[in-house]
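So for the sequence shown, my numbering puts the first residue at 2; every next one is plus one.
Notes follow once the structure below has been shown.
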Amino acid sequence: NREFSAEFGVKSCLRTLLYAFCHPQEDRLAAPTDIAEVLLAADRLCADHESIGIQQLVQALGFAHPSRVYPWLAPSARAIVCALLRAEAPLQRQDIVAEASISDSSYDRHRSKLDEYGLLVEEGKHQYESAVPGEWEYTDTPQTDVLTHTAPRPTLSH
2 NREFSAEFGV
12 KSCLRTLLYA
22 FCHPQEDRLA
32 APTDIAEVLL
42 AADRLCADHE
52 SIGIQQLVQA
62 LGFAHPSRVY
72 PWLAPSARAI
82 VCALLRAEAP
92 LQRQDIVAEA
102 SISDSSYDRH
112 RSKLDEYGLL
122 VEEGKHQYES
132 AVPGEWEYTD
142 TPQTDVLTHT
152 APRPTLSH
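As structure tokens, then:
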């Protein structure tokens with residue numbers, strides 16, 4: 002029985018979830034169970050009487066099964082993304098490796114590709130957080146910027 006925040010809305014929620022679960026080169030759609038899992042996790046992340054906003058939804062994506070999020074990525078790359086999505090603050094390299102349960106070489110192999118895809122942002126020297134490409138301003142007009150999930154309020158950044 003929780004609502005979406007007035008600034009976020011159902012359309013933005015759907016865009017974010019479809020981008021995360023659908024393969025861009027295939028006609029594969031998101032499974033309803035994946036969407037339900039993320040919405041339930043977003044609900045648990047909200048305080049009492051708080052509506053679901055972009056920060057809760059993006060962080061909740063990190064609790065989806067790693068094989069389902071960004072299906073075009075290699076498994077280790079998806080593990081990195083999920084670790085960053087779950088994080089409440091930017092993570093350093095060693096924290097990402099530990100949280101994602103991957104080797105140093107896997108991290109090195111995938112970090113630049115994730116940056117190229119717009120799925121991670123370097124917030125400070127060796128401090129990384131997830132980014133959600135495909136998230137748009139709260140209108141029907143798509144924008145090309147990305148939204149970082151640890152921002153204090155929903156704003157677009159690059």
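Positions of the beta carbon are idealized from the N, C-alpha and C atoms, including for glycine.
Assign residue i to one of two classes, buried (16 or more other C-beta atoms within 10 Å of its C-beta) or exposed (fewer than that).
{"i": "R79", "result": "buried"}
{"i": "A99", "result": "exposed"}
{"i": "H111", "result": "buried"}
{"i": "V11", "result": "exposed"}
{"i": "Q57", "result": "buried"}
{"i": "T34", "result": "exposed"}
{"i": "A32", "result": "exposed"}
My guess is that residue i and residue j are in contact by the Cβ rule of under 8 Å, so how many angstroms apart are they, rounded?
{"i": "G119", "j": "P91", "result": "That belief does not hold up - the Cβ atoms of G119 and P91 are roughly 16 Å apart, past 8 Å."}
{"i": "I53", "j": "C47", "result": "6 Å"}
{"i": "I103", "j": "S77", "result": "5 Å"}
{"i": "V206", "j": "V133", "result": "Any property of residue 206 remains undetermined from this structure, which presents the chain solely from 2 to 159."}
{"i": "L115", "j": "I81", "result": "6 Å"}
Under three-state DSSP, which class holds residue i?
{"i": "Y129", "result": "strand"}
{"i": "V70", "result": "coil"}
{"i": "I53", "result": "strand"}
{"i": "F64", "result": "coil"}
{"i": "F5", "result": "strand"}
{"i": "L30", "result": "coil"}
{"i": "E89", "result": "coil"}
{"i": "L120", "result": "coil"}
{"i": "C47", "result": "coil"}
{"i": "C14", "result": "helix"}
Starting from the C-beta of residue i, find all residues in its chain whose C-beta is less than 6 Å away, skip the five residues before and the five after it, and write them out in chain order.
{"i": "G63", "result": "C83, L86, R87"}
{"i": "E38", "result": "A65"}
{"i": "D44", "result": "R3"}
{"i": "Y108", "result": "V98"}
Leaving out five residues on either side along the sequence, give the residues of the same chain with a beta carbon under 7 Å from the beta carbon of residue i.
{"i": "L30", "result": "C23"}
{"i": "S6", "result": "S52, I53, G54"}
{"i": "R94", "result": "Y108, H127"}
{"i": "C14", "result": "F5, L58"}
Using C-beta distances below 8 Å, list every residue in its chain close to residue i, excluding the 5 sequence neighbours before and after it, in chain order.
{"i": "I36", "result": "L18, F22"}
So, does the CB of residue i fall closer than 7 Å to a CB anywhere in chain D?
{"i": "L120", "result": "The question asks about chain D, but that chain is absent: this structure has only one protein chain."}
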